[in-house]
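Presented below is the structure to which this report refers.
Residue numbers (the numbering used here), protein chains in the order written: chain A, 435 to 559; chain B, 604 to 911.
And the structure:
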């Protein structure tokens, strides 16, 4: 059996995903970081971006994460996010509309949020 | 029907209508408590993980941060009071306000200036009626708070704490909310949120079972311990405020349920005693009618006997 780590992905108001994984890739403020089992204890600040989780069953879970933290210790990885959406929960049309609206209003933060959602949704398909 | 009986019947009818309303309100609150409790439970994984992370940074590094260091002479304190928007909840809001008054008195006695921040129309009305200045207030979401609401409340508070005291900032942040102990018990409590005492964070982590292992691993901070703490603490405050809002909402619904239950019981008692009075009045009417008939008949008999 390949080594695996336990992932808890929690948003502010709910637990989004939890399970065993072999690799987690997330974007911190200083660049993308990949965590595999046995990684050194880590605590980092996440940027808005898609997080990729390779599950031990061989599947891939992609999550759009907005503002959060990654913490890894004792082979347990916690992803904390204010907002987190699984790629198949994302309403692509709504995100596209939000992106257009944000661009029209020159709202950089909203545009980024919509863009992250679209990238996460695109990565899943 | 006699006039008296009619009055009683009317009152019974109106009390019965009121009872129906209070009964409905009781049932609505009962279902909302469950919903609010579920929200508290759903938010706890995030709060636990966040507490664990804060404890890890605060104990694992020697970083000094304005949000964790105690001032030598704290001179100003922000007090966040959480009340409800609506009444009909027994002593719910007034208990929280009372706790706020006590805390304010204590802080003032310690020589600190108190800046009130208020959530909920009841608290705002209390302060406005007494002509006190409210630094900032929020209303409209106390029944069903969302994380965005908590963020909106936390933002000016975090800004005030980050500011230098000389420039109008505050040194301490206290929060008063109603803790949901059980369906029957809710207590208004005050907590100091900032400066963060590590012991308290640890105690919280231990009680919630988040940190059972005594020794925390040596963390690698990305990008640096300061930056992580900078990003972490505001989130921590937001999550604690969110938790307080959710607990207060659950407590408010529980208080409403209890108040409406006793209102329903009282209405039931009132209906009972009014029914007794109405019965007595009806009986009195009947008795009177009988005696009138008897009196009339005997008068008639006397009259015919006399004419014979």
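C-beta: ideal position from N, C-alpha, C; glycine also.
Counting only the same chain and skipping the five closest in sequence on each side, list residues whose C-beta sits under 6 angstroms from that of residue 485 of chain A. 460, 497, 499
Are the beta-carbon atoms belonging to residue 444 of chain A and residue 837 of chain B less than 7 angstroms from one another? no
Closer than 7 angstroms at the beta carbon, the chain B residues around residue 448 of chain A: 645
Determine which residues share a DSSP beta bridge with residue 764 of chain B and list them. DSSP output for residue 764 of chain B lists no bridge partner at all.
DSSP state of residue 449 of chain A, grouped into three classes? strand
State yes or no: is the C-beta of residue 607 of chain B within less than 7 angstroms of the C-beta of residue 884 of chain B? yes
Going by DSSP, which residues form a beta bridge with residue 466 of chain A? A:461
Have a look at residue 871 of chain B and residue 625 of chain B and give me their C-alpha separation to the nearest angstrom. 11 angstroms
For residue 488 of chain A, does the three-state DSSP call read helix, strand or coil? strand
Could you check what DSSP says for residue 744 of chain B in three-state terms: helix, strand or coil? coil
Ignore the nearest five residues each way along the sequence and tell me which others in residue 721 of chain B's own chain have a CB closer than 6 angstroms to its CB. 684, 727, 737, 740
Compare the C-beta of residue 653 of chain B against all C-beta atoms of chain A and say whether one is closer than 7 angstroms. yes
Any chain A beta carbon closer than 7 angstroms to residue 829 of chain B: no
Assigned secondary structure, residue 732 of chain B (DSSP; H/G/I helix, E/B strand, else coil): helix
Would you kindly work out how many angstroms separate the C-alpha atoms of residue 709 of chain B and residue 846 of chain B, rounded to a whole number? 25 angstroms
Kindly list the residues whose CB is nearer than 6 angstroms to the CB of residue 812 of chain B, restricted to its own chain and excluding five residues on each side of it in sequence; keep chain order. Here the model assigns residue 812 of chain B a pLDDT of 49, short of 50, so the residue's position is not dependable, and the following value carries that caveat. Result list for residue 812 of chain B: empty, nothing under 6 angstroms.
Would a C-beta distance cut-off of 7 angstroms place residue 718 of chain B and residue 764 of chain B closer than the cut-off? no
Does any CB atom of chain A fall closer than 7 angstroms to the CB of residue 704 of chain B? no
So that I know if they touch, is there some Cβ in chain A lying closer than 7 angstroms to that of residue 834 of chain B? yes
So, residue 859 of chain B versus residue 632 of chain B, is the Cβ gap smaller than 7 angstroms? yes
Between the alpha carbons of residue 782 of chain B and residue 613 of chain B, how many angstroms are there, rounded? 42 angstroms
Could you name the residues of the segment 762-783 of chain B whose beta carbon sits closer than 9 angstroms to any beta carbon of chain A, in the order they occur along the chain? none
Where does residue 814 of chain B sit, in a helix, a strand or coil, going by DSSP? Unreliable placement is indicated for residue 814 of chain B, whose pLDDT of 46 sits below 50; the coordinate value is still reported in the next sentence. Coil.
Can you list, in chain order, the residues of its chain with a C-beta nearer than 6 angstroms to that of residue 544 of chain A? Leave out the 5 residues immediately preceding and following it. 536
Quick check: the segment 687-705 of chain B against the segment 752-762 of chain B, are there 3 or more CB pairs under 8 angstroms? no
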